[in-house]
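The structure under discussion appears below in the form of structure tokens.
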Amino acid sequence: EGEIVMACGKYRERARIAGGYGIGARDRAGQLRRFGVLAASGREVDALSKLFKACFASGDAAVLRGEYAHTAGLQAAVTGKRFIHLATHGFFRPEGITMLVLTAASNSSPIAVTSQLALALCGIALAGANTKPDRFGRRAGILTGEELLQLDLGACELLTLAACDGARGVRRAGRDHASLRAALSGAGARYVLSSLWKVDDAGTARFMEDFYRHLWRDGRSAHDALRHAQRDARKRGDKFRDWAAWLVFGI
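Under this note's numbering, the letters of the sequence shown match residues 6 to 256, in that order.
In structure tokens form, the structure reads like this:
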């Protein structure tokens with residue numbers, strides 16, 4: 006019938022597993038970005054878990070919460086899953102940001118990021134994302150686009166990135182648009198639902214309940230479920246930015 010894994014983390018939790026370098030998880034001044042609490046993400050996952058169990062009586066729903074929503078846990082859990090739902094922060098930082106590096110004289114020097122792998126400029130935040138980097142510059146709880154590209158998503162029919170900036174990225178000569186969406190598609194997900202811009206936490210939770218109800222209960226395709234969820238949001242009078250940002254990628 007179906008299997009799903011859902012994840013929502015607490016970014017201040019300490020994680021035992023180190024994540025990626027997360028160059029994009031910095032502001033324009035090169036300072037480490039702090040990820041705020043997504044108050045509605047827990048309720049979102051609770052509602053979707055209940056809906057999934059009602060629609061797939063024999064389905065298996067794995068929910069990763071808080072300190073258990075760390076990078077290694079997610080990497081292990083997604084293999085073989087039909088549906089994956091990530092309720093977390095996404096980020097993208099254009100090239101040209103400034104970061105500090107240590108010179109041979111042990112002094113900090115600012116440099117502009119222009120030659121990093123394109124997918125290192127985007128990523129998602131999991132448990133431990135707000136902890137200090139280790140001595141190699143890695144932040145526990147950060148999964149970059151490069152690392153997401155290495156996931157085994159061959160069995161995934163739909164991956165929902167309920168996060169900001171899922172489709173934002175950078176173009177490089179001879180390559181596709183490098184974004185979180187592109188990384189997840191490249192890892193094997195047939196369809197990816199992601200946002201074009203920053204979205205409201207509570208609005209996203211409402212929208213996702215509508216989307217999955219049309220997808221699972223009504224048996225619609227991902228594209229059709231999206232259209233019906235957007236129609237529902239318009240009828241409720243939801244803000245344009247909260248429902249128009251979402252696109253399903255894949256054919």
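Glycine is no exception: its CB is placed at the ideal position from the N, C-alpha and C atoms. Since this is a predicted model, take the numbers as computed values, not measurements.
Asked, Found
"Compute the beta-carbon to beta-carbon distance between A183 and L220, rounded to the nearest angstrom, for a pair I have assumed lies under 8 angstroms.", "That pair is no contact at about 28 angstroms."
"Is L61 helix, strand or coil when you go by DSSP?", "This sequence places Phe at residue 61; Leu is not what is there. F61: coil per DSSP, three-state reduction."
"Indicate whether A12 and L91 have their beta-carbon atoms separated by less than 7 angstroms.", "yes"
"For C127, list the residues DSSP reports as bridge partners.", "F97"
"Applying the criterion that 16 or more other CB atoms from any shown protein chain within 10 Å of the CB defines a buried residue, is T84 buried or exposed?", "exposed"
"Just to check my reading of the structure: A82 and V10 have Cβ atoms closer than 8 angstroms, yes? What is that Cβ distance to the nearest angstrom?", "5 angstroms"
"Is it right to say W202 is buried, meaning 16 or more other beta carbons lie within 10 angstroms of its own, or is it exposed?", "exposed"
"DSSP state of T149, grouped into three classes?", "strand"
"Going straight from the alpha carbon of R218 to that of L56, what length do you get?", "7 angstroms"
"When DSSP builds the beta bridges, which residues end up paired with S226?", "None, per the DSSP bridge assignment."
"Helix, strand or coil: which one does DSSP assign to W202?", "coil"
"Nearest by alpha-carbon distance to C127: which of L189, G71, R241 and R225 is it?", "L189"
"Rounded to whole angstroms, what is the Cα-Cα separation between A207 and G159?", "31 angstroms"
"How many whole angstroms separate the CB atoms of C169 and V197, which I take to be in contact at a CB cut-off of 8 angstroms?", "The pair is not a contact, with the Cβ atoms about 15 angstroms apart (cut-off 8 angstroms)."
"With 16 other CB atoms within 10 Å as the buried threshold, where does R140 fall?", "exposed"
"Alpha carbon to alpha carbon, how far is E214 from I89?", "14 angstroms"
"Alpha helix (DSSP H) containing L189: first to last residue?", "L185 to G191"
"Excluding the five sequence neighbours on either side, which residues of its own chain have a C-beta within less than 7 angstroms of the C-beta of G68, listed in chain order?", "Looking at the sequence itself, residue 68 is Val, so the reference to Gly does not match. Within the same chain, V68 has close Cβ partners M11, V50 and S54."
"In three-state terms, what does DSSP make of H90?", "strand"
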